[in-house]
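In this note's numbering, the protein residues as written are 2 to 511.
Don't be surprised by glycine CBs; every beta carbon is placed ideally from N, CA and C.
Below is one structure, written out as structure tokens; comments come after it.
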């Protein structure tokens, strides 16, 4: 029975098969997007913008609307995609020739454009449903887990590209080596009797159970922890949702395969009753694929049955990235790439934006240099893993962390975990919590000062500061030679790191 929290992602599209192609369309339309006029609401988001590009490259005529102008919107327009933003009346309208509407998770149910689409009886898909539709006719590979999805998706796509397997992919972060957060690859691999479907790799987010709309043949579940508790009522509901996701995989005889973290505390619950092949990976020798990480040497290896099958030098720090890379390597091998070529590809992987991304150095008050890092971490486990990796690999004199909590509800639900996550930082600066997807009532229940108080209670030096400009100026005053500042969070906090570096380049005034 569905609990009070287990509601469909959107009442417009409860149909498990979102393919809008009419049953009598015939064989002339082999791609579900080809020839269609598709309007995307929230087109400026990282996933939605990539989806628009994929649709365009596969023969659709996309258009869209977004709340504001941005570099992403400008780039989409330069590709011939019509986009209305902000107060433009067209932003609340639907083009008259539109056949299909796709909306991001950020679009409210009472959005004027969405209401017009309903009134016109247009087919409406969520972003996740559209991604599932994009997988149709291809070997879908869904990358799931509480953490590491964007990095692992990009790692796998990079491997497959370097191994000549021409994949399509879409992720929630930009990978400069791949030209962005999306790619359109081959619809088919090989020819004649050896022909097989092309590969489509997609990040699969558990929020709102959206990953249930994917169509995977192969899936990764990297880790399962408490998150999105504004939607899920408990860890039990989260585990149940991941189990339902795993049940999307076809039986082993039809190619269904699941790779799941061996050390995950909920692995057995998730895997119970599955018909697909199940393999585990992790640091434990008892895992089907053991990941070996020599952090000091910067080297990762994979062992099967006690023997090394692959090893490579890595540019990325942290045990978490070793697990991400190991999972990507195993999936690439499942898809047909050789271990040698996989190892060579991963040695050249440079990372994705906002994942321990080095922005540059700044001059310090004592005549030295301090490093500035930008990171997307917004869950306690992510924050702790990033700080541990920085301490181990970069060894700064002082580690200063600017952390902006993302969502009031997440901060309240995970307050004690956050309080223990920053012990490796010498100073934590906390701006206002980024207000998103919560009610005003929730907003009043917790503040940044509450987190600062809990951090101090655990022995962490912490302070609350706002606005961002004040934090930039404070950092300029306190940074010394060989310090490192990492700016963390999923909201606009990235502006602090970029502003700090820009002001240094322009003599203190950007």
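In whole angstroms, what separates the C-alpha of residue 430 from that of residue 464?
Whole-angstrom Cα-Cα distance: 5 Å.
Going by CA-CA distance only, name the one from 104, 351, 443, 383 that's closest to residue 68.
104
Is residue 418 helix, strand or coil when you go by DSSP?
helix
Starting from the C-beta of residue 29, find all residues in its chain whose C-beta is less than 7 Å away, skip the five residues before and the five after it, and write them out in chain order.
Residue confidence is low: residue 29 scores 37 on pLDDT, short of 50, so the model does not pin down where it sits. No coordinate-derived value is stated.
Please report how far the alpha carbon of residue 51 lies from the alpha carbon of residue 203, in whole angstroms.
11 Å
Can you give the Cα-Cα distance for residue 233 and residue 193, rounded to whole angstroms?
47 Å
Quick one: what does DSSP say residue 273 is sitting in, helix, strand or coil?
coil
So, residue 260 versus residue 221, is the Cβ gap smaller than 7 Å?
yes
Hey, residue 409 and residue 444: beta-carbon distance below 7 Å or not?
yes
Using C-beta distances below 6 Å, list every residue in its chain close to residue 453, excluding the 5 sequence neighbours before and after it, in chain order.
431, 463, 465
Selection from 41, 54, 62 that minimises the alpha carbon distance to residue 170:
54
Can you check DSSP and say which residues form a bridge with residue 312?
Answer by DSSP bridge pairing, in chain order: 302.
Note down, in chain order, each residue of its chain lying with its Cβ closer than 7 Å to the Cβ of residue 383, except the 5 sequence neighbours on either side.
148
Tell me which same chain residues have a C-beta within less than 6 Å of the C-beta of residue 506, skipping the five on either side of it?
none
At 3 residues or longer, what runs of the beta strand (DSSP E) sit wholly inside the region 212–241?
219–222
Please classify residue 287 as buried or exposed, where buried requires at least 16 neighbouring CB atoms within 10 angstroms.
exposed
In whole angstroms, give me the CA-to-CA distance for residue 93 and residue 264.
48 Å
Is it right to say residue 358 is buried, meaning 16 or more other beta carbons lie within 10 angstroms of its own, or is it exposed?
buried
Cα separation between residue 449 and residue 251?
Approximately 45 Å between the Cα atoms of the pair.
Please classify residue 26 as buried or exposed, where buried requires at least 16 neighbouring CB atoms within 10 angstroms.
Bear in mind that a pLDDT of 38 at residue 26, under 50, signals an unreliable position, so the number given afterwards is only what the model happens to contain. When all chains shown are included, residue 26 counts as exposed.
Local conformation of residue 9 per DSSP, three classes
Residue placement at residue 9 is poorly supported in this model, since its pLDDT is 31, which falls under 50; the coordinates still yield a value, given next. Residue 9: coil per DSSP, three-state reduction.
Between the CA atoms of residue 314 and residue 66 - distance to the nearest angstrom:
43 Å
As an exercise, report each continuous alpha helix (DSSP H) stretch of at least 4 residues that is fully enclosed by the region 421–451, in chain order.
441–446
Under a three-way DSSP split, which group does residue 47 fall into?
helix
Terminal residues of the alpha helix (DSSP H) in which residue 283 lies
Unbroken run through residue 283 is the beta strand (DSSP E), 278–283; no alpha helix (DSSP H).
Just to confirm the assignment, what range does the beta strand (DSSP E) spanning residue 40 have?
38–42
Between residue 369 and the ligand GTP, is there a pair consisting of the residue's CB and a ligand heavy atom that are separated by less than 6 Å?
Among the components modelled here there is no ligand, and therefore nothing to report on the ligand GTP.
Let me know the beta strand (DSSP E) ranges lying completely inside the region 61–138, each 3 residues or longer, listed in chain order.
Here the runs fully enclosed are 62–67, 83–86, 101–104, 124–127.
Assign residue 451 to one of two classes, buried (16 or more other C-beta atoms within 10 Å of its C-beta) or exposed (fewer than that).
buried
Inter-stretch contact at 8 Å, needing at least 3 Cβ pairs: the region 209–225 / the region 325–339:
yes
The alpha helix (DSSP H) with residue 153 in it runs from where to where?
150–163
First and last residue of the uninterrupted alpha helix (DSSP H) at residue 334
320–335
Can you check DSSP and say which residues form a bridge with residue 176?
181
Take residue 394 as the anchor and find which of 316, 460, 436, 422 has the nearest alpha-carbon.
The candidate whose alpha carbon is nearest that of residue 394 is 316.
Quick check on this structure: which residue in 342, 81, 89 has the alpha carbon closest to the alpha carbon of residue 58?
81
Of the listed residues 107, 132, 133, 99, nearest to residue 117 (C-alpha basis)
99
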